[in-house]
Each structure stands twice: as structure tokens, then as C-alpha cells.
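Undergrad: Just so we're aligned, residue 1 is where the sequence shown starts under full-length UniProt numbering, counting upward by one. Think of the CB as a built atom: it goes at the ideal place given N, C-alpha and C, for glycine as much as any other residue.
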Amino acid sequence: MRDGEINKKSNVSMVKDFVLLGFSDLPNLQGFLSGVFSIIYSIILFGNSLIIGLTRVGPALKKPMYFFLANFSCLEICYVSVTLPRIVVSIWMQDRTIFLRACATQLCFFLILGATECFLLAVMSYDRYVAICHPLHYILIMNPKKCIQLAAGSWFGGIPVQIGQTCQIFSLHFCSSNKVGHFFCDIPPMINLACGDTSMHELSVYVVAMLFAVVPFSLILASYSKIISTILKLPTAHGRGKAFSTCSSHLLVVVLFYGSASITYFRPKSSHSAGIDRLLSLFYTILTPMFNPMIYSLRNKDVIAALKKLIFKT
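Here's what the structure looks like:
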């Protein structure tokens, strides 16, 4: 067997590499998909890089809110770069093989950056909570030192646990098939390949998901419950509308990311199917990073003003 060595006595595959089936069930669309994903990746790089650049040169974008937005855009570039370039190369070269260590590395970075996104979305909601509920103390509370600490915690907080989870997943014994019904190495399809009882591994996945997804999401909900309560108490419709507009972009990103990711990771193994997992993964790994720059820029007057100023200068 080219893609693995089978131990005949135990009927367990000593896998050295995997085959990412990805979009192989669409043979007539390989060239089209390669072109589409290349364009999407270019849009993600350009859009998020533009936001990072604007937050550095725009005087009106020196607020803590835009510091976190720049971090978020940088995260999106890293997040999508873990999966999308390899997808494009695999489709273009018609070589879907990925070595075990490369698969483990991809999963590890994917999980670490996914945890960072959960934390950073929670930090951004906290920033909006302070800005709307405690506007007079905003600059004092969200001082530069605290912003850096919150951003650093978001980036590095999930590293030890996610490395441990990756080691746990790849300590499993995989059965004779090494064909992964997905376009990158993710937890559900890897567990589906495992032999024997994987209930304890699934339980650990749920526990980690609760820690890195549900807890930040609960903090986001708590922040927005306070925010909405404060906004509804504002005396004028104009004030309420302005306050809602500063939160709507972030809230839309939260719904897109958590909606698709939670369905993927909180469903039991028996209900997973390659097609549904692949479709859901497209949302939180590719489409959300592509739409984020549009969501934030089109609904933010400061970003639009900084962009116009940059264009007219050039």
C-alpha cells in the first residue's frame, strides 16, 4: 500500500501519510476550484493587509478598537494560510498526499489559531462593552499596556492545550484506510479514521471546545447583554443607532464564525458526514476571513474615511 503500511497481525495501519480527498469528487471542476480558491486567498491577503495598513497610518484609527481589529486581520491571514495555499497546490498538482507530521503540524496551527480567534472575539466584545457602558473611563481602562496584554493572551493562551490535543489525536491508531474525507487535517475526519473506541478522545475534544469556544462565547453574550441594556437606555434614536453600528460588525462576525464551527465540533461522531463537515468548514476557514474586511470596512465610517484619504493621497 503506497500511503501506509498495515500491520497484518493487528489489522492496524501504521500510517506514514494521509490522502486528503477534499474536492476529488468534483473531477470536472478542479481547474475552476483552483482558480476560485486562488482568487479568494488573494482577496483575503489584500483585504486584511489593507486594514492592518490603515490602522497604522490613519490618525483616527489609533483607538484600542482598531488595535484589536489589526490583530484580528493579522490572525485571519495566518488562519487561512494554514489551509488554503495547500488546497490550491493539491488541486493544481493533483497530489493530495500529506505526510503524517505535516498533517499534525497543520492541525496544531489550525487549532491554536482557532483558539486565538475565539479569545480575540471575546476581547473585542469586552472592548465594545467598556466603550459603550463606561465611556468616560474607556481610555483609562483600555490603556496601551492592557491592550497589549489582552492581545498577547489571545495569541498565546491556547498554545499548550492545543499542542496537547494534537498529540492526543495523533496518538490514535488509524485503521487500514488513510483517506481523509476533507480538504485539510481537522479533528472530526481524523477521529473517523481511528480504530476502536474513541469516546474518551471525543470527550476531550468537547472539554477543550467548551474551554476555548463556549467560555469566550459566554463572555461575548454577557458583554452584549450589558451593551444592549445600556443602548436601550440612551435618550435619542440617533445615539442608539450610532452605538448599535459600532457593535453590529463584530456581532455578525461572531455569528458567522461560532455558528459554523460549533455545529462541526459539537455534533457526535455518528452524525458527521464528509460533505456536511466540508461545507461547514468552508465557512469558518475561508469565507469568514474573506468577508471580515468587507464587514468591518463597509460598516465603519472611520475605516472608510481613512481609505478615502489614502486613495486621494496616492
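On the three-state DSSP scale, how would you describe residue 303?
TA: Correct three-state label for residue 303: helix.
Undergrad: Whether or not the segment 129-140 and the segment 166-176 are in contact is what I'm after, with contact meaning three or more pairs of Cβ atoms, one per stretch, closer than 8 Å; do they touch?
TA: At 8 Å Cβ cutoff, the stretches do not touch.
Undergrad: Would residue 119 and residue 162 qualify as a contact pair, given that the criterion is a beta-carbon distance under 9 Å?
TA: Not a contact, by the Cβ cut-off of 9 Å.
Undergrad: For residue 72, count the other beta carbons within 10 Å of its own beta carbon; 16 or more makes it buried, fewer makes it exposed. Which is it?
TA: With 16 or more other Cβ atoms within 10 Å, it is buried.
Undergrad: Closest by CA to residue 137, which one among 152, 88 and 64?
TA: That would be 64, whose Cα lies nearest to the Cα of residue 137.
Undergrad: Which residues in the same chain as residue 306 place their Cβ atom closer than 7 Å to its Cβ, once the five residues preceding and following it in sequence are excluded?
TA: Answer for residue 306: 54, 58, 60 and 61, listed in chain order.
Undergrad: Taking just the CA atoms, how far does residue 280 sit from residue 182?
TA: Approximately 11 Å, taken between the alpha carbons.
Undergrad: Buried or exposed, going by whether 16 or more other CB atoms sit within 10 Å of the CB of residue 48?
TA: Buried, by the Cβ-count rule.
Undergrad: Can you tell me whether residue 143 is buried or exposed, with buried defined as 16 or more other CB within 10 angstroms of its CB?
TA: It is exposed - the Cβ of residue 143 has fewer than 16 other Cβ atoms within 10 Å.
Undergrad: State whether the segment 93-104 contacts the segment 191-206, with contact taken as three or more CB pairs (one from each stretch) at a distance under 8 Å.
TA: As far as the Cβ criterion goes, the segment 93-104 does not touch the segment 191-206, which means the pair count is below three.
Undergrad: If you run the structure through DSSP and keep just helix, strand and coil, what is residue 97?
TA: Strand, per DSSP.
Undergrad: Could you give the residue range of the alpha helix (DSSP H) that holds residue 46?
TA: 30-57 is the span of the alpha helix (DSSP H), which, as asked, contains residue 46.
Undergrad: Given residue 135, which residues of its chain have a CB within under 6 Å of its CB, disregarding the five upstream and five downstream residues?
TA: None.
Undergrad: Less than 8 Å between C-beta atoms, sequence neighbours within five positions excluded: which residues of the same chain meet that for residue 295?
TA: Excluding residues within five positions, the ones whose Cβ falls inside 8 Å are 249, 252 and 253.
Undergrad: Mind the definition here: the segment 32-45 touches the segment 71-85 only if three or more C-beta pairs lie below 8 Å; say whether that holds.
TA: Taking 8 Å as the limit for Cβ pairs, the verdict is that the segment 71-85 does touch the segment 32-45.
Undergrad: Report the residue ranges of all alpha helix (DSSP H) runs contained in full by the segment 99-138; include only those spanning at least 4 residues, in chain order.
TA: Whole alpha helix (DSSP H) segments, 4+ residues: 100-133.
Undergrad: Helix, strand or coil for residue 291? Go by DSSP, reduced to three states.
TA: Here residue 291 sits in helix by DSSP.
Undergrad: Please check the pair residue 216 and residue 70, which I expect to be a contact at CB under 8 Å, by giving their CB distance rounded to whole angstroms.
TA: That pair is no contact at about 20 Å.
Undergrad: For residue 285, does the count of other Cβ atoms within 10 angstroms reach 16, so buried, or fall short, so exposed?
TA: Buried, since its Cβ has 16 or more Cβ neighbours within 10 Å.
Undergrad: By a C-beta neighbour count over all protein chains shown, 10 Å radius and 16 as the cutoff for buried, is residue 190 buried or exposed?
TA: Answer is buried; the Cβ neighbour count reaches 16.
Undergrad: If you follow the beta strand (DSSP E) that residue 217 is part of, which residue opens it and which one closes it?
TA: It is not in any beta strand (DSSP E) - residue 217 instead sits in the alpha helix (DSSP H) that spans 215-232.
Undergrad: For residue 108 and residue 126, I'd like the C-alpha separation in whole angstroms.
TA: Going by the C-alpha atoms only, they are around 27 Å apart.
Undergrad: Just how far apart, CA to CA, sit residue 297 and residue 194?
TA: If you take the alpha carbons of residue 297 and residue 194, they lie about 44 Å apart.
Undergrad: If we call anything under 9 Å between Cβ atoms a contact, is residue 184 one with residue 87?
TA: Yes, these two residues count as a Cβ contact at 9 Å.
Undergrad: Assuming residue 283 contacts residue 260 (C-beta within less than 8 Å), just tell me the rounded distance between them.
TA: Confirmed, Cβ separation roughly 4 Å.
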